[in-house]
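Everything on this sheet refers to the single structure shown next.
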Amino acid sequence: MRLFLILLGLGARFCSTLVYSTFVDSDTDEAAAKKYASEGFEIVFSDEFNTPDRQFKDGDDPTWTALDKNDYTNAALHYYKDTAISTSDGMMKIKTDFGVNTFKAKNEKTGAFTRKNKYYTSGQVQTWNKFCFTGGIIEVSASPPGHPSIGGLWPAIWMMGNLARATYVGSSDWMWPWSYDECEEKNQESQLISKCAVNPHFDLLSHSGRGAPEIDIFEGMAGPSEKLPNTKIKKPYFSTSLQVSPGVQNPRPVLTHKPLDGKWYEGMSYGTNSSLNNFFYGVQLKHTPEQYTYQSDAISANTAIEPKEYSRQHVFKVDWRPNDSITWYLDDVFLYKISQPNLNITGSKIPDEPMYLILNTAISSTWGFPTKTDSCKCTSYDCSDPSCTCAFPTGFCDNIPSSFDVDWVRIYQHSEAINLGCSTKDKPTRKYIQGNEEKFKRPEDDVPIKSVRRGGGDCDVDGECGGGGKCDNGGCVCGEGYTGPMCLAEDKEYPGGTFLDETDETIEVEGVHLPAIFLGVMFLLVVVLVAACCKRVTERRERMGRYEYIKVGETEGYKSGGRYDRASSNRV
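Mapped onto mature numbering (1 follows the signal peptide of the UniProt record, and there is no 0), the consecutive letters of the sequence shown carry residue numbers -17 to -1, 1 to 555.
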């Protein structure tokens, strides 16, 4: 019986390696899927956003979740609404608009709640705890919002380790943006999951330093073209960054100035139009008592963009090689590279955590806004308030509404390094999140993210239900291959990576002696299981009519699953 279960497990593992390509959108064409095949890379994820009217509210989509909450970070002036994100014209559109949003804000010193207003609505969508990956080539085709010469909008494409959830400040305390696997007394108190820990809770591994580092694929800074201090870069520009802890200690670089020799990260490679970002070096995350305070570093580059080129569709690309290097490209032109030896000054490492994707547009008084003078009495940042004219970049209020348009997202991994999942054997996160759910959800939520409903959305006619769905008694019934309340999302199998559990162990067989006929029967059963699995994958492939890779190899596969405040110590 033990051998039968072993063989059955092998069959299941085989099937799991066959279906990872179901993360690939059926609309991804063969040329795109094979783009890096000659280099040994296979497409493992894509979303083309071709289905119109997709919604991304919690429980609507198996891959993405749109936030519906206040953003407490980065001196944010916007409120994230899940209705701000949808699909049309073959793109995901993240809309920023006017809108009064009233919410309760907590005073961290007194604990009292007060009602506050924000006057802008925007969107953030993320794959947190649904789709994560470790390493690979990430490509996103997108066009930044707004006019290139008008500041104030902050579009971003970025990644974060799954142990923290963007904009959920409690989840990032002592977690963001650690990427450190050394046991040192000075860092034990400020790194929540330290290498010094023995037998930690939540099935975390002993002597394994963990955290939630951040890789910024793209951040857009618009504004009037004018000379900036101590750099060749002018606005508009794109920023690309790695954010890690622990950070460099004093003497730290002074903003707008270049670092002192030997006192900052050195040896990074820059493209022709790129240079050191001397406008942000990181932030000190203050806590009480003092030993809990720590420093984060932003190892960042800015790339000059011609104003006429700013707002068109660009392909933003990162080649992320865990424990080795990160390389950024714009439209396949090299921008910036950080290699592991460049981090020797602090001992941080190129991230090897499972990371998830985030797409958003923020509005922050620290990003492209003028510095307020004492004579400027604006407190609301409301465009309808005459006293706030002095607080806005010129033309800001005419720059809204605006849309950040994402054409597609594609991820490739080397065939010998397929590593998908938000909780893997080497980097488990599932039980930590389950044991600390309050850090990852709003107070009014029962769970951090809802299960995706398949059908049931309100409808009057069949046409309101996507994917060939039907409207039955006022509710959508999904056709094969589609899910979500309105049947608008492709039913990507195992979207949360629950097929295998991170506790799966290597299968070994020792001293098993069974009759040959019994072994033959068991072998036949396994063959039938694998054949059925292959048939299922083949049928899905035919139904979707797309190119997919078949991979049988080593993978931890399908394991379920701060932003920082640049003006203070708040993070997501």
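Note that CB positions come from ideal geometry on N, CA and C, so glycine has one too.
- Out of curiosity, what's the CA-to-CA distance linking N325 and A374? 39 Å
- Query: Going by beta carbon distance, what residues of the same chain come within less than 6 Å of G230, once the five residues before and after it are set aside?
  - Reply: G265, Q278, S279, D280
- What's the C-alpha gap between V460 and D72? 25 Å
- Item | Three CB pairs or more closer than 8 Å across the segment 185 to 204 and the segment 135 to 151 | yes
- Message: Tell me whether the segment 347 to 357 and the segment 180 to 189 touch, counting them as touching only if at least three CB pairs, one residue from each stretch, are closer than 8 Å.
- Response: no
- Message: Rounded to whole angstroms, what is the Cα-Cα separation between E427 and K52?
- Response: 11 Å
- Item | Under the three-state DSSP convention, the category Q278 falls into | strand
- Task: Return the CA-CA distance between T412 and L187, expressed in angstroms with no decimal places.
- Result: 8 Å
- Query: Does DSSP put F262 in a helix, in a strand, or in coil?
  - Reply: coil
- State the Cα-Cα distance for the pair N327 and R304, rounded to the nearest angstrom. 17 Å
- Message: Am I right that residue 556 and N382 are in contact with their C-beta atoms under 8 Å? What's the rounded C-beta distance?
- Response: Absent from the structure is residue 556, since the part of the chain shown begins at -17 and ends at 555.
- Query: Buried or exposed: L243, going by 16 or more other Cβ atoms within 10 Å of its Cβ?
  - Reply: exposed
- Item | Range of the contiguous beta strand (DSSP E) that encloses K99 | 96 to 105
- Shortest alpha-carbon distance to L342 belongs to which of C115, V83, K18, W141? W141
- Could you tell me if K433 is buried or exposed, where buried requires 16 or more neighbouring beta carbons within 10 angstroms of its beta carbon? exposed
- Message: Looking at S308: is its Cβ nearer than 8 Å to the Cβ of I288?
- Response: no
- Message: On the criterion of 16 or more Cβ atoms from any shown chain inside 10 Å, does N233 qualify as buried, or is it exposed?
- Response: exposed
- Task: Please say whether K99 and H61 have beta carbons closer to each other than 8 Å?
- Result: no
- Query: Are D315 and K291 touching if we call contact CB-CB under 8 Å?
  - Reply: no
- Item | Exposure of K78, with buried meaning 16 or more beta-carbon neighbours within 10 Å | buried
- Item | Segments of 3+ residues assigned as beta strand (DSSP E) that fall wholly inside the segment 383 to 418 | 385 to 397
- Message: If you reduce the DSSP assignment to three classes, tell me which class F6 lands in.
- Response: helix
- Query: From which residue to which residue does the alpha helix (DSSP H) around E292 run?
  - Reply: 290 to 293
- With a floor of 3 residues, list each beta strand (DSSP E) that falls wholly inside the segment 129 to 153, ordered by position along the chain. 136 to 144
- Query: On the three-state DSSP scale, how would you describe F375?
  - Reply: coil
- Message: Between the alpha carbons of L238 and A345, how many angstroms are there, rounded?
- Response: 22 Å
- Message: Quick check: the Cα distance between S29 and K113, rounded to an integer number of angstroms?
- Response: 14 Å
- Task: Express the C-alpha separation of G144 and M74 in angstroms, rounding to a whole number.
- Result: 26 Å
- Residues of its chain near K414, where Cβ-Cβ distance is below 7 Å and the 5 sequence neighbours each way are ignored: F185, D186
- Assigned secondary structure, D381 (DSSP; H/G/I helix, E/B strand, else coil): helix
- Message: Is the separation between the beta-carbon of I68 and that of A49 shorter than 8 Å?
- Response: yes
- P138 to P384, Cα distance in whole Å? 14 Å
- Item | Buried/exposed call for S406, threshold 16 Cβ in 10 Å | buried
- Item | Bounding residues of the beta strand (DSSP E) (the contiguous stretch that carries N84) | 74 to 89
- Supposed contact pair W391 and S124 - C-beta distance, whole angstroms, cut 8 Å: 5 Å
- Output yes or no for whether 8 Å exceeds the beta carbon distance between T70 and K64. no
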